[in-house]
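Shown next, in structure tokens, is the structure this report addresses.
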Amino acid sequence: MRDNETSPADERQTGLFKLDVHPWVFFSSAAIIVLFVGLTIFFESTVDNLFNLVQGAVSKYAGWFFVGTMNLILIYVVSLLFGRFGDIRLGGEGAKPEFSTIGWFAMLFSAGMGIGLLFYGVAEPMFHYVASPMAEPGTPKAARVAMDFTFLHWGLHPWSIYALVGLALGFFAFNKGLPLSIRSVFYPLLGERIYGPIGNVIDIMATVATMFGVATSLGLGVQQVNAGLSHLLDFIPQNASVQLVLIAGITTIATWSVVRGLDSGIKFLSQLNVVVAAVLMFFVLLFGPTLFILNAFIENLGVYVQNFASLSTWNETYNDTDWQNGWTVFYWGWWIAWSPFVGMFIARVSYGRTIREFIKGVLLVPTLVTFLWVTVFGDTALHIEMFGDGGLAKAVQENIPVSLFVMLEDLPLSEISSVVAIIVIITFFVTSSDSGSLVIDIITAGGNTEPPVIQRVFWAVLEGAVAAALLLGGGLVALQTAAISTGLPFAIILLGMCWSLHLGLVHYKTGQGFELGVQGYQGPEFKTHATRKMPTFGRRQFWLTEALHRRTGVAMRPRLSPSPSAAFQIEGAGARSESIHPTETRTGGKA
């Protein structure tokens, strides 16, 4: 870098507190979210009606698009598992995983599912049992259909979305030297335009979708914690005031975790969360209808595989009901809204994994564990309703958040297990909040993975504020509307992401494909100057990689994750091993 140039790090700093942000993305995203919170609080009744209107319109006219998008993405991700790109390692051939496999899986599961499994693990099967779209309600067939749809909503489809976003972000960041940001994934399609207004819009959409996707989960979690406390302690009411207090308290814990950082805070809480959740699950398995659960797990898997194609493409075309809109469309929108958050978090913790290992870990293992979870809790609830005292279905219909605790009442040590359940919900809340704020901070900081603490605190607090606003503005309907309305535009982004990732993988594997990466190449020289539009060294690294490969035929791979000090290791037949810093030329001089 020339002496009279401003460094990218200095360019990102802005304002009184020297915030390390991308100004357009940070302030635009914050303004949109804060405006929403203000309008929801001050125009509560109007916003409530608007939520109902938007939910109905999106579900009615875009349901087919959600269903088609989810299936196309699943097909693409599965093709990567068995395809020729499976041996590509995120970070290059010499990259080593940062976390152990167990620790990696714990963070994947906690970030990927979290609160929703506690909230809907009992409630969803019971709802489908008494209001089945494909069977007479209250029959054994209705119970089977209930578990089949629950598996569909929590199975391969959501995890394929997370795998796509995580893999795309990890590949372009760790293997191409681009910023760890959603815009980077579109370099093969957009070229230098990712550093301009189009890239800003992509990152703003990702930030807003992430915020509302996470806030939806936080709102559900707070409702359930309130229901559990009210169920255990008669003097605690179940209302918005208590839920706001809970949001404030749990957000404080989440902020502490964010300040502690990824290794000390989020990793510790994720592992604690998985352990406590496993204890609760095995408690229900051992003290519930154990044989019934084990039989059901095998049967549920078989029915899921048998009916997979028909349920995955079912659009309720020939039924005159809104069942599909209230369940499947909501879930698909929710998972898509979560995908920037979960995908970036997965990318951040998956350095050093091969694509095949990555997809196995992200797509298959969490899906099987999720299936076990919903079988243990869902089939225990169905057993109580079908063969026990009954009454659980009615309780679920009257008050969804309390469903888990009503089920635990039928088991021994119900008070202790209910307390454990509340702890699990709170830890899921915290891991979702701190992971979400970390990811949003990375996006709004232009891909910087270590932004200042004050920014991470800001986003953690704002997540709590959005969750509170959604609860005040319409409760469960508002939460569902936020998920599907922000998920719809981002679904378009995901489809483009599939094609862009494919182009990037082809280029990386064969040296052929898109040529946009060498647009800066001119004659015997190549550009290495830092851009003022996207303040990061990622652009410089990418240009250097592609230009040298074009000129010499030597393959270059990032030796370290993108950072201002990143260097590239040159490898190839007849090439001597050497490192070139992104700001240096082949002869070692400054660019």
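Quick note: the sequence shown uses the UniProt record's numbering, first residue 1, plus one each step.
Note that CB positions come from ideal geometry on N, CA and C, so glycine has one too.
Cutoff 6 Å; reference residue i; Cβ partners in own chain excluding five residues on either side
{"i": "T251", "result": "G464"}
{"i": "F27", "result": "none"}
Reference residue i, options the options, closest by Cα
{"i": "V58", "options": "S435, A30 and Q324", "result": "Q324"}
{"i": "N71", "options": "D148, L156, D87 and A30", "result": "L156"}
{"i": "N319", "options": "L169, I202, P133 and S417", "result": "P133"}
{"i": "D379", "options": "M147, Y508 and G199", "result": "M147"}
{"i": "I75", "options": "W159, F268 and V54", "result": "W159"}
{"i": "V457", "options": "S435, A347, A478 and L470", "result": "S435"}
{"i": "W327", "options": "L404, T150 and L501", "result": "T150"}
{"i": "F358", "options": "L80, Q243, V37 and P23", "result": "L80"}
{"i": "R356", "options": "G487, V145 and L90", "result": "L90"}
{"i": "I115", "options": "F282, S241, N300 and W373", "result": "W373"}
{"i": "W459", "options": "A215, L488, I416 and Y195", "result": "A215"}
{"i": "L180", "options": "F345, V54 and N315", "result": "F345"}
Inter-residue Cα distance where the pair is residue i and residue j
{"i": "T510", "j": "V406", "result": "58 Å"}
{"i": "F85", "j": "P125", "result": "38 Å"}
{"i": "Y61", "j": "S485", "result": "12 Å"}
{"i": "V67", "j": "S312", "result": "7 Å"}
{"i": "W499", "j": "I422", "result": "42 Å"}
{"i": "L364", "j": "D87", "result": "18 Å"}
{"i": "S432", "j": "E98", "result": "21 Å"}
{"i": "F371", "j": "I298", "result": "10 Å"}
{"i": "N52", "j": "T481", "result": "7 Å"}
{"i": "G191", "j": "P289", "result": "57 Å"}
{"i": "R193", "j": "G199", "result": "7 Å"}
{"i": "R183", "j": "L169", "result": "9 Å"}
{"i": "P188", "j": "G177", "result": "14 Å"}
{"i": "L404", "j": "I426", "result": "14 Å"}
{"i": "Q271", "j": "A95", "result": "24 Å"}
{"i": "A347", "j": "L167", "result": "6 Å"}
{"i": "G63", "j": "A173", "result": "33 Å"}
{"i": "D389", "j": "T375", "result": "20 Å"}
{"i": "G391", "j": "A143", "result": "15 Å"}
{"i": "Q238", "j": "A135", "result": "34 Å"}
{"i": "L291", "j": "A381", "result": "14 Å"}
{"i": "T139", "j": "H383", "result": "12 Å"}
{"i": "H507", "j": "V369", "result": "35 Å"}
{"i": "Y195", "j": "H22", "result": "11 Å"}
{"i": "I492", "j": "H502", "result": "16 Å"}
Within 8 Å, strictly: CB atoms of residue i and residue j
{"i": "A483", "j": "W334", "result": "yes"}
{"i": "F377", "j": "N273", "result": "no"}
{"i": "V461", "j": "L280", "result": "no"}
{"i": "T210", "j": "L494", "result": "no"}
{"i": "F490", "j": "A296", "result": "no"}
{"i": "V165", "j": "G447", "result": "no"}
{"i": "F171", "j": "G504", "result": "yes"}
{"i": "Y162", "j": "V329", "result": "no"}
{"i": "Q397", "j": "V122", "result": "no"}
{"i": "H119", "j": "L220", "result": "According to the sequence as given, residue 119 is Phe; it is not His. Cβ atoms of F119 and L220: closer than 8 Å."}
{"i": "T40", "j": "V47", "result": "yes"}
{"i": "Y430", "j": "A309", "result": "Rather than Tyr, the amino acid found at residue 430 in this sequence is Val. No, they are not a contact pair."}
{"i": "S418", "j": "H231", "result": "yes"}
{"i": "P401", "j": "Q224", "result": "yes"}
{"i": "P451", "j": "D20", "result": "yes"}
{"i": "V222", "j": "A467", "result": "yes"}
{"i": "L472", "j": "A240", "result": "yes"}
{"i": "V242", "j": "I236", "result": "yes"}
Those residues which DSSP pairs with residue i across a bridge
{"i": "D148", "result": "D148 is not bridged to any residue."}
{"i": "R89", "result": "T354"}
Same chain, Cβ closer than 7 Å to residue i, neighbours up to 5 away in sequence not counted
{"i": "V78", "result": "none"}
{"i": "S29", "result": "I204, T207, V208 and T444"}
{"i": "N399", "result": "A227"}
{"i": "A393", "result": "M126, Y129, V130 and E385"}
{"i": "F42", "result": "none"}
{"i": "V25", "result": "N200, D203, I204, T207, I443 and T444"}
{"i": "I440", "result": "T207, T210, M211 and W459"}
{"i": "L301", "result": "F371"}
{"i": "I293", "result": "L285, T375, V376, D379 and T380"}
{"i": "S437", "result": "V258, R456, W459, A460 and E463"}
Check: residue i C-beta below 7 Å from any heavy atom of the ligand SAH
{"i": "M70", "result": "This structure lacks the ligand SAH; in fact it carries no ligand of any kind."}
Beta-carbon proximity list for residue i, same chain, < 8 Å, skipping 5 on both sides
{"i": "V349", "result": "E98, F99, W104, M107, L108 and L262"}
{"i": "T101", "result": "G361"}
{"i": "V424", "result": "L118, N273, V276, A277 and L280"}
{"i": "T587", "result": "Because T587 carries a pLDDT of 33, less than 50, the predicted location of this residue cannot be relied on, and the following value inherits that uncertainty. There are no such residues."}
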